[in-house]
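Here the structure is laid out as structure tokens; the discussion comes afterwards.
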Amino acid sequence: MESTYFSDEGTTKVFTCARTIIGQYVFVQLVGVDGSLSLCEVEVFTSDELSADDCSPQGAPADLQLASFNRTCFEFGVARGRSFKDARSYCQKYKGDLVHNMGQSATQFLHSELERRRSSFKTQLVWIGAQKEPGHISRTWKWINGDTIQRPSWGPDQPNNYNGEQNCVVLDGGRKWFWNDVGCNLDYLHWICQYYPSSCGGPDKKENTTIIGNDYGIGSTIQYKCPEGHMLVGQPSRRCLNNGAWSGGPPSCRYVNCGSLPEIDNGFVTLKESRTTFGAQAIYTCKDNYTLVGNKMRECDENGVWSGKTPECLFTWCQDPPNIEGGVVKAIGKKAGDVAVYSCEAGFLLTGKPTLTCEFGGKWTGKTPTCRYIDCGPPPRIQRGSFQLRNSTTYLDSVVEYTCDPDYWIDGEKYQKCTSEGKWSGDTPSCELITCPEPDVPSGSYVVGYDFNVNSVIEYHCEIGHILRGKSSFTCLRTGEWSGPVPTCQFIDCGQVAPLIHGEVTQTNKSTYLGSEITYKCSKGYRLIGPSKRICLESKQWSEYMPKCEGKLINF
31 MESTYFSDEG TTKVFTCART IIGQYVFVQL VGVDGSLSLC EVEVFTSDEL
81 SADDCSPQGA PADLQLASFN RTCFEFGVAR GRSFKDARSY CQKYKGDLVH
131 NMGQSATQFL HSELERRRSS FKTQLVWIGA QKEPGHISRT WKWINGDTIQ
181 RPSWGPDQPN NYNGEQNCVV LDGGRKWFWN DVGCNLDYLH WICQYYPSSC
231 GGPDKKENTT IIGNDYGIGS TIQYKCPEGH MLVGQPSRRC LNNGAWSGGP
281 PSCRYVNCGS LPEIDNGFVT LKESRTTFGA QAIYTCKDNY TLVGNKMREC
331 DENGVWSGKT PECLFTWCQD PPNIEGGVVK AIGKKAGDVA VYSCEAGFLL
381 TGKPTLTCEF GGKWTGKTPT CRYIDCGPPP RIQRGSFQLR NSTTYLDSVV
431 EYTCDPDYWI DGEKYQKCTS EGKWSGDTPS CELITCPEPD VPSGSYVVGY
481 DFNVNSVIEY HCEIGHILRG KSSFTCLRTG EWSGPVPTCQ FIDCGQVAPL
531 IHGEVTQTNK STYLGSEITY KCSKGYRLIG PSKRICLESK QWSEYMPKCE
581 GKLINF
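Our numbering runs 30 ahead of the 1-based position in the sequence shown.
The structure is reproduced here in structure tokens:
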């Protein structure tokens with residue numbers, strides 16, 4: 031690159047290359063004029079370094095004194111003096127801070143820059159971002175971001191902490207720009223700000239590549255594009271990083287040609303864009319009554335080879351129907367009109383239509399069904415009972431049977447089935463203590479016992495004048511039933527007896543039913559022949575026989 035420029039002593043001029051230049055040396059030459067060549071300092075900014083334009087903070091004045099090193103921007107504040115606090119506030123205003131965490135190489139760079147600018151300084155003391163908190167006895171100095179300074183670059187006889195108030199650090203020109211501790215309130219000192227770049231500048235690119243995008247700010251992304259027939263080698267996009275560098279490297283474009291394709295029997299091959307270079311597509315079609323088996327489209331890949339294999343045109347045949355996970359497919363044939371039937375393995379649920387039909391063109395109609403595995407997991411347990419899996423499985427259509435402990439019976443469905451929702455059908459049953467129904471109480475009877483639970487016993491009794499027909503004692507069985515049929519109490523009435531001639535009949539309890547008594551007594555002067563007392567029996571007959579009174583006088 032050749033450029034002509036006249037400048038005054040001490041001025042700076044930036045030349046931007048129109049294109050990438052490969053070289054090693056830069057020299058300054060005075061051509062065609064009288065005079066002497068003054069001493070110049072030449073700085074070369076490669077694509078890995080930042081220019082002054084890239085370093086300028088957004089919104090800052092245009093006349094800043096800027097320099098960059100190792101992709102970090104530095105501003106030398108020499109226009110006026112500020113205290114440590116004000117200098118730092120100024121840097122932070124433009125999203126920077128006082129220079130800090132300087133390594134050896136950065137320190138040497140700043141020393142050279144300060145020495146070069148020494149003549150424009152009003153004071154030889156320049157703030158940097160290092161300090162010690164007031165009142166601390168510790169000699170530990172820290173950078174303003176909180177990191178401990180491991181190897182301070184103190185000048186001779188420093189730090190001396192004069193009056194115990196020197197808690198901030200400056201670069202001291204009187205000590206060859208080594209460190210000096212001073213009071214933080216000195217408001218006439220210069221400073222150095224440290225910024226990260228606001229942009230990455232124009233990205234580099236290789237031959238035949240095109241950059242899409244013109245925003246080069248931090249966080250922005252650009253795209254690289256190749257001409258038709260070329261393959262992009264490398265990453266297609268780059269991002270402007272916080273350090274002002276573009277991520278990765280620029281890609282390149284490589285020309286690729288796959289050559290022509292052979293024709294296929296009973297079919298045709300058509301180049302989609304009438305070319306055979308990288309990215310070109312070839313479309314295959316078949317004649318009528320033929321079906322394409324294989325790839326319908328092939329593409330020219332990066333290796334100069336057409337993708338896939340050459341397809342075939344077959345007459346009205348379908349390929350094998352697609353397999354499904356967890357199921358099987360049975361096809362009688364693969365001609366047009368043939369049907370493929372799908373079914374699922376145990377524990378799987380078929381979703382979709384179970385059949386596909388082969389049509390002309392070699393395609394199976396409809397959407398391939400799927401088999402979804404259904405597992406209901408272990409059935410819930412119940413108190414005073416247990417369960418048993420019929421087929422020792424918990425997947426779809428599995429059956430669980432619940433049983434109860436002795437003296438308990440199932441309340442709810444005994445069997446549950448694993449449903450397609452992945453849940454056991456119905457509500458979980460429970461085991462309840464077996465109870466018998468309240469016993470019937472026939473007319474003329476009553477029951478002794480109020481516990482109707484399993485194994486409990488009740489007894490039937492008859493009222494007066496009745497006789498029990500059947501068992502009197504019953505037990506509540508595990509079937510929930512009483513151990514026998516309900517007995518009956520039959521009313522027994524022997525009826526009125528014939529009057530006693532020459533005597534009288536007396537009903538003891540004024541009744542004639544079972545167990546009642548009658549007594550006989552003859553009139554005076556007569557003697558009773560036969561029983562004097564009779565009882566009403568179960569046979570509805572009075573006991574003994576009818577007595578009589580004889581007419582023989584009885585002396586008293």
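Glycine is no exception: its CB is placed at the ideal position from the N, C-alpha and C atoms.
As assigned by DSSP and simplified to three states, the class of K317: coil
DSSP three-state assignment for K255, whether helix, strand or coil: Annotated three-state conformation of K255 is strand, per DSSP.
K123 in three-state terms, based on DSSP: helix
S77 versus L140 - alpha carbon distance: Reliability fails at S77, whose pLDDT of 49 lies under 50, so the model's placement of it is uncertain and the value that follows must be treated cautiously. Distance between the alpha carbons of S77 and L140 is about 21 Å.
Distance between N272 and S81 (C-alpha atoms, nearest Å): 15 Å
Straight-line gap, G289 to N100 (C-alpha atoms, nearest Å): 49 Å
A109, DSSP secondary structure in three states: strand
Cβ shell of G309 (< 8 Å), same chain only, five flanking positions each side left out: E258, G259, M261, E329, C330.
Rounded straight-line distance, which links the Cα of D523 to that of K563: Spanning the two alpha carbons is a distance of roughly 17 Å.
Alpha-carbon spacing of N197 relative to V212, whole angstroms: Cα-Cα distance, rounded: 6 Å.
Euclidean distance between Cα positions of V199 and C283: 53 Å
Rounded Cβ spacing between D84 and G231 (contact assumed at less than 8 Å): 5 Å
Three CB pairs or more closer than 8 Å across the segment 263-277 and the segment 295-308: Contact check between the segment 263-277 and the segment 295-308: fewer than three CB pairs, one atom from each, fall below 8 Å, which does not count as touching.
I222 versus P91 - alpha carbon distance: 16 Å
CA nearest to the CA of G533, picked from P577, W336, S277: The option with the nearest alpha carbon to G533 is P577.
C448 and S428 closer than 8 Å at C-beta: A contact, by the Cβ cut-off of 8 Å.
Residues bridged to K551 (per DSSP): E534
Nearest candidate by alpha-carbon position, reference W207, set R146, E342, Y445: R146
Per-residue burial, Q224 [other beta carbons within 10 Å of its own, 16 or more giving buried]: buried
With 16 other Cβ atoms within 10 Å as the buried cut-off, status of A376: exposed
DSSP-derived helix/strand/coil call for R564: strand
Residue nearest to E342 in terms of C-alpha spacing, selected from E332, V323, W336: Among E332, V323, W336, the Cα nearest to that of E342 belongs to V323.
Validate contact between the segment 397-414 and the segment 468-484 using beta carbons, cut 8 Å, 3 pairs: no
Reduced DSSP secondary structure (H/G/I, E/B, other) of A117: helix
Boundaries of the beta strand (DSSP E) in which A370 is found, first to last residue: 369-374
Residue from V471, D441, R169 with nearest C-alpha to L463: D441
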